[in-house]
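K.L.:
In this note's numbering, the protein residues as written are 2 to 588.
Note that CB positions come from ideal geometry on N, CA and C, so glycine has one too.
1) Going straight from the alpha carbon of residue 299 to that of residue 293, what length do you get?
2) Label residue 6 either buried or exposed according to how many other C-beta atoms from any shown protein chain fall within 10 Å of its C-beta, with 16 as the threshold for buried.
3) Please report the residue range of the alpha helix (DSSP H) in which residue 356 lies.
4) Helix, strand or coil for residue 134 per DSSP?
5) Residue 174 by DSSP, collapsed to three states: which one?
6) Which class does residue 1 belong to by DSSP, given the choice of helix, strand or coil?
7) What separation, rounded to the nearest whole angstrom, lies between the Cα atoms of residue 228 and residue 241?
8) According to DSSP, is residue 206 helix, strand or coil?
9) Among residues of its own chain, excluding the 5 on either side of residue 70, which ones have a beta-carbon nearer than 7 Å to its beta-carbon?
10) Grouping DSSP H, G and I as helix and E and B as strand, with all else coil, what is residue 288?
11) Do residue 167 and residue 125 have their beta-carbon atoms positioned less than 9 Å apart in this structure?
12) If we ignore side chains and look at the alpha-carbon of each, how far apart do residue 4 and residue 75 end up?
13) Determine the extent of the alpha helix (DSSP H) in which residue 58 is found, giving its start and end residues.
14) Taking the alpha helix (DSSP H) that residue 45 falls in, what are its first and last residues?
15) Got a sec? Which residues, its chain only, sit under 8 Å from residue 532 by beta carbon, not counting five neighbours each side?
16) Short check: CB of residue 174 to CB of residue 19, under 9 Å?
17) To the nearest whole angstrom, what separates the beta carbons of residue 187 and residue 244, a pair I think is in contact under 8 Å?
18) Return helix, strand or coil for residue 275, following the three-state DSSP convention.
19) For residue 468, collect the residues of the same chain with a Cβ closer than 7 Å to its Cβ; drop the 5 residues on either side in sequence, then sort them by chain order.
20) Specify the secondary structure class of residue 10 as computed by DSSP and reduced to three states.
21) Below 8 Å on the Cβ atoms is my contact criterion, and I expect residue 83 with residue 15 to pass it. Report the Cβ-Cβ distance as a whole number of Å.
22) In chain order, what residues of the same chain have a beta carbon less than 6 Å from the beta carbon of residue 444, not counting five sequence neighbours either side?
23) Out of 325, 278, 308, which has the shortest C-alpha to C-alpha gap to residue 345?
24) CB residue 477 to CB residue 522, shorter than 9 Å?
25) Excluding the 5 residues flanking residue 93 on each side, which residues of the same chain have their C-beta closer than 6 Å to its C-beta?
26) Which term fits residue 569, buried or exposed, when burial requires 16 or more other beta carbons within 10 angstroms of its beta carbon?
27) Hey, could you find the ends of the alpha helix (DSSP H) residue 153 is sitting in?
28) Start and end of the beta strand (DSSP E) containing residue 72?
29) In terms of alpha-carbon separation, which member of 30, 8, 9 lies closest to residue 17?
30) With DSSP as the reference, label residue 123 as helix, strand or coil.
31) Compare the beta carbon distance of residue 50 and residue 181 with 9 Å and say whether it is the shorter of the two.
32) Looking only at its chain, what residues have a beta carbon closer than 7 Å to the beta carbon of residue 331, apart from the 5 residues adjacent to it on each side?
33) Residue 530: which of 284, 511, 560, 518 sits nearest, CA to CA?
34) Report yes or no: do three or more beta-carbon pairs, one from the stretch 350–357 and one from the stretch 247–259, lie closer than 8 Å?
35) Which term fits residue 128, buried or exposed, when burial requires 16 or more other beta carbons within 10 angstroms of its beta carbon?
36) Compute the Euclidean distance between the alpha carbons of residue 289 and residue 527, then round it to the nearest angstrom.
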């Protein structure tokens with residue numbers, strides 16, 4: 002006896018044996034039990050999800066000798082003939098090879114005759130979207146008003162190609178792709194019945210390779226049984242599928258997490274010995290990163306290890322770094338075709354993961370910031386008890402000089418590098434203390450002047466220029482640009498935001514703003530955000546908007562005042578609204 006492949010041997014013969022598609026089974030079962038059976042059904046879905054199988058079970062339910070119901074007996078001659086594919090009143094037509102109007106005309110002519118054995122003559126037209134436009138038009142009348150003994154069951158993988166006139170005459174059921182658990186469970190059930198040993202990793206690989214199609218999965222299972230000799234091992238199935246050894250992916254992620262470039266290149270060389278598809282390797286890497294991120298952010302979710310130490314990676318790698326690596330893996334896979342070679346593209350993706358890490362720049366600046374803080378801290382003890390009141394009693398001219406020194410330091414700021422404290426000379430020259438305090442100020446050490454920027458008070462009108470010069474980045478810069486300075490007292494900065502930007506007032510953003518201002522101010526300020534309706538000054542964005550409006554008005558006035566333009570307007574020319582732009586805006 003010839004061998005019957007698993008996909009045919011284990012084809013469901015009852016609705017209860019179907020894997021998935023509960024929504025379709027429920028509708029058909031209710032229709033059969035209530036006797037409200039439509040004359041035309043359309044089953045759509047990807048390959049191998051049960052379209053033809055459901056149609057055959059439905060035909061068997063209609064013609065079972067024990068009566069029409071949702072549970073055919075499976076034992077009568079009609080049920081056995083339909084299962085074996087030789088029932089005369091079930092006509093299966095392949096529309097891919099019978100596409101013309103002549104084929105449909107023959108179908109219409111035969112539909113007038115009563116069934117030979119059963120109660121209903123069933124026409125099962127597979128891949129119905131392959132019919133020609135003329136064939137569809139010829140079928141419309143019979144499809145809408147068929148004889149009472151005829152039922153049409155149509156199946157297609159591409160319902161978009163069907164005319165609307167056909168769709169409107171059928172009950173349409175969209176069959177879903179099967180998920181991994183459904184395919185995994187069916188494979189295990191079949192292997193147990195066939196008495197074939199297997200490893201969990203092998204089943205997992207076959208389930209993923211099935212891509213939602215149970216028939217594809219069972220075909221791969223047949224191939225794996227033949228390849229492994231009836232013992233499905235993880236490594237053997239991986240070799241058959243040409244997939245990646247997931248243990249290698251785990252080792253690669255361990256090396257990336259440890260920032261060990263040599264180990265990364267060693268693992269890449271080990272992968273290259275198997276001549277893999279590097280696109281598939283990046284897919285496996287992205288899949289492993291997805292599982293690591295799920296473990297980090299949804300601890301109670303079930304995550305399969307699949308050769309990767311998920312727990313260790315989730316604990317040793319920051320979540321934002323996992324997100325960055327995942328995006329790099331996707332981008333690397335997309336750009337693989339443009340690389341000099343697939344392996345070079347893969348290696349560059351890994352090297353990019355090693356080179357770029359979140360907040361690396363902030364960490365690099367940390368020593369400089371710490372040095373500035375240490376300098377400020379070291380200067381504080383040098384002030385004697387008598388010197389401190391003297392500094393507080395400084396005249397207004399001294400405060401103005403301190404603000405001038407702060408503005409001068411902002412103007413000379415090169416960009417991101419931290420700003421050094423201004424030299425003490427200008428502060429000593431500008432200070433004019435009362436005569437009775439002269440001795441205490443003169444005896445103060447020079448370190449007192451080094452602390453001047455920390456005590457200098459910034460005014461509201463200075464804040465926009467300060468934001469322009471300060472090395473702020475990303476969303477923090479946007480928040481500072483929309484804010485106004487309300488108060489600057491000691492190390493406290495009180496900023497105001499309009500009510501429509503209240504969403505920017507988050508602890509994380511405020512903390513990042515303080516950290517990014519520290520290199521400029523020489524200390525970490527205590528930043529406080531208040532929501533204000535009427536700000537005492539303009540923010541950087543408001544000032545830029547006002548300046549832009551002024552430039553626009555000046556440009557329009559200059560353009561309309563040009564003699565040549567006035568001559569053209571006098572002759573009937575019309576200026577297109579909003580077409581005048583300042584020269585600098587066009588560059």
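P.N.:
Let's see:
1) 10 Å
2) exposed
3) 343–356
4) helix
5) strand
6) In the structure as shown, the chain begins at 2 and stops at 588. Residue 1 is therefore absent and cannot be evaluated.
7) 7 Å
8) helix
9) 33, 34, 62
10) helix
11) no
12) 22 Å
13) 52–64
14) Looking at the DSSP string, residue 45 is not in any alpha helix (DSSP H); the run it does join, the beta strand (DSSP E), is 41–45.
15) 497, 498, 499, 500, 503, 506
16) no
17) So it is not a contact: roughly 21 Å between Cβ atoms.
18) coil
19) 481, 482, 541
20) helix
21) 12 Å between Cβ atoms; not a contact.
22) Because residue 444 carries a pLDDT of 34, less than 50, the predicted location of this residue cannot be relied on, and no value is offered for it.
23) 278
24) no
25) 125
26) exposed
27) Taken as a continuous stretch (DSSP letters only), residue 153 belongs to no alpha helix (DSSP H), being part of the beta strand (DSSP E) at 151–157.
28) First-last for residue 72: undefined, no H or E at that position.
29) 30
30) strand
31) no
32) 287
33) 511
34) yes
35) buried
36) 41 Å
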